[in-house]
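Residue numbers (our numbering): 295 to 724. Presented below is the structure to which this report refers.
Below, the structure written as structure tokens:
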């Protein structure tokens with residue numbers, strides 16, 4: 295098992311002017327060194343503490359401004375731009391090679407397919423291996439998700455060996471969805487060339503200490519995705535809609551997970567990347583993003599600023615205290631009658647006393663079945679009239695029968711927002 299490791303941090307705004315790195319800028323040498331207190335990451339011989347987040351098309355400059363120094367991504371499609379932006383901001387990048395997962399139709403028993411993929415990825419490695427913002431190579435993302443053919447990890451090992459043959463400066467890993475025993479066995483048996491292990495855990499992050507201990511894992515570890523509890527892990531309504539935490543509840547999860555799980559194990563968990571420094575549609579437009587669709591920061595960003603700087607930002611996001619529809623909470627499996635008028639209430643406050651502007655939206659409930667973070671279509675708002683639409687209390691008439699979700703956002707006029715939503719079912723009037 296290799297123990298040398300390369301890490302990369304990245305920060306910058308995609309719209310900002312980019313200055314390509316100078317050819318004279320040397321690649322950084324990343325290593326894991328074992329000390330009496332555990333593993334330490336060295337960058338060019340100096341201890342390097344990763345303050346990371348997952349970011350692909352998000353705001354790198356804001357990450358840097360909040361104290362972040364590293365990102366991980368999921369593709370090489372925009373790798374040159376991301377690496378240059380990151381370098382300009384002093385941020386390192388853990389670059390993800392796009393290894394095709396089995397669930398997307400790749401046959402890892404077909405040696406021709408496997409060889410062609412290896413050669414394609416070799417060209418990607420040669421393009422980016424000397425960039426000074428490169429931190430490490432991530433060989434595919436969550437390749438264990440719904441996999442049946444363990445040969446995928448033979449291919450991962452071949453890719454790792456190829457990387458080490460052409461790039462002596464940067465370590466290799468592959469990310470694992472969840473905390474599975476079977477994939478851990480496959481990694482140990484088939485992918486021994488990897489330098490370190492990377493796990494992606496949301497609600498499961500609180501099981502990481504027991505998992506590492508139970509399986510006697512004595513290697514450096516990254517947590518390459520962690521944050522809001524996943525929609526697959528949450529309570530559901532009677533009709534199967536997942537209950538989403540509001541932005542303040544999610545911020546509390548970030549704070550608890552970091553303080554209770556990640557920070558106390560810094561001698562083994564030598565890197566972590568909060569998910570997601572940006573926004574994405576996954577069941578809802580607010581589930582995983584630390585920013586809103588329109589770019590406002592939420593309380594999760596405040597928390598990461600606090601964790602990275604040991605101080606809160608000068609101006610903080612609004613906070614959610616409760617949301618009710620027809621006097622009920624989301625856990626009540628709310629049922630409404632079509633054509634009847636109902637009231638919804640949100641209770642928010644702002645730590646700085648800033649005024650809060652409210653916006654309400656109604657969307658059909660998502661019917662998406664994608665897994666593993668695969669792309670989902672955004673859900674359009676319904677054309678519906680809210681009485682008092684800019685206030686913390688509104689009334690509206692329930693639409694036609696079906697499953698829906700009511701959203702509310704609060705904006706502080708300083709680039710921050712809070713949000714909450716409740717799913718509900720509309721039944722026909724009798």
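For every residue, glycine included, the Cβ atom is placed at its ideal position computed from N, Cα and C. All values derive from a computational prediction rather than experimental measurement.
May I ask you to list the residues that DSSP assigns as paired with residue i?
i	result
residue 571	Answer is none; residue 571 lacks a bridge partner.
residue 657	699
residue 721	631
residue 410	None; residue 410 has no bridge partner.
residue 369	BP columns for residue 369 are empty, so no partner.
residue 428	387
residue 433	391
residue 652	704
residue 470	493
residue 452	Paired residue(s): none; residue 452 is not in a bridge.
residue 563	515
residue 364	346, 386
Going by DSSP in three states, residue i sits in which element: helix, strand or coil?
i	result
residue 273	The requested residue 273 does not occur in the structure, where the chain is confined to residues 295 to 724.
residue 480	helix
residue 665	coil
residue 502	helix
residue 710	strand
residue 536	strand
residue 310	Caution is warranted here: a pLDDT of 37 is assigned to residue 310, below 50, making its placement in the model unreliable, and the coordinate value is therefore given only provisionally. Residue 310 falls in the coil class under three-state DSSP.
residue 643	strand
residue 341	strand
residue 511	coil
residue 402	coil
residue 397	helix
residue 422	helix
residue 550	helix
residue 625	helix
residue 678	coil
residue 615	strand
residue 347	strand
residue 523	coil
residue 638	strand
residue 673	coil
residue 301	Here the model assigns residue 301 a pLDDT of 31, short of 50, so the residue's position is not dependable, and the following value carries that caveat. Here residue 301 sits in coil by DSSP.
residue 380	helix
residue 691	strand
residue 295	Low per-residue confidence applies at residue 295: pLDDT is 40, beneath 50, and the placement is therefore not dependable, though the value from the model is reported in the following sentence. Here residue 295 sits in coil by DSSP.
residue 530	strand
residue 325	strand
residue 336	strand
residue 716	strand
Would you say residue i and residue j are within 8 Å of each other, going by their C-beta atoms?
i	j	result
residue 431	residue 491	no
residue 712	residue 593	yes
residue 632	residue 720	yes
residue 369	residue 350	yes
residue 627	residue 531	yes
residue 521	residue 568	yes
residue 429	residue 324	yes
residue 393	residue 433	yes
residue 656	residue 698	yes
residue 583	residue 570	yes
residue 576	residue 667	yes
residue 518	residue 715	no
residue 348	residue 362	no
residue 515	residue 493	yes
residue 527	residue 497	yes
residue 680	residue 619	no
residue 651	residue 705	yes
residue 463	residue 322	yes
Grab me the residues of residue i's own chain with a C-beta within less than 6 Å of its C-beta, minus the 5 sequence neighbours each way, in chain order.
i	result
residue 621	none
residue 600	606
residue 488	454, 466, 467
residue 327	334, 336
residue 332	561, 562
residue 506	none
residue 311	At residue 311 the pLDDT is 38, less than 50, meaning the model places this residue with poor confidence and gives no usable figure here.
Kindly list the residues whose CB is nearer than 8 Å to the CB of residue i, restricted to its own chain and excluding five residues on each side of it in sequence; keep chain order.
i	result
residue 508	none
Between residue i and residue j, how many whole angstroms is the CB-CB distance? I'm expecting something under 8 Å.
i	j	result
residue 451	residue 486	7 Å
residue 386	residue 416	Not really, about 23 Å apart at Cβ, beyond 8 Å.
residue 649	residue 707	6 Å
residue 694	residue 654	Not quite, the Cβ-Cβ distance comes to about 19 Å (not below 8 Å), so this is no contact.
residue 364	residue 344	5 Å
residue 355	residue 383	6 Å
residue 541	residue 614	6 Å
residue 639	residue 687	5 Å
Can you name, in chain order, every residue of its own chain whose Cβ lies under 7 Å from the Cβ of residue i, other than the five neighbours on each side?
i	result
residue 447	480, 481, 484, 485
residue 408	402, 449
residue 309	With a pLDDT of 35 at residue 309, under the threshold of 50, the modelled position of that residue is not reliable, and no figure is offered here.
residue 709	590, 591
residue 478	509
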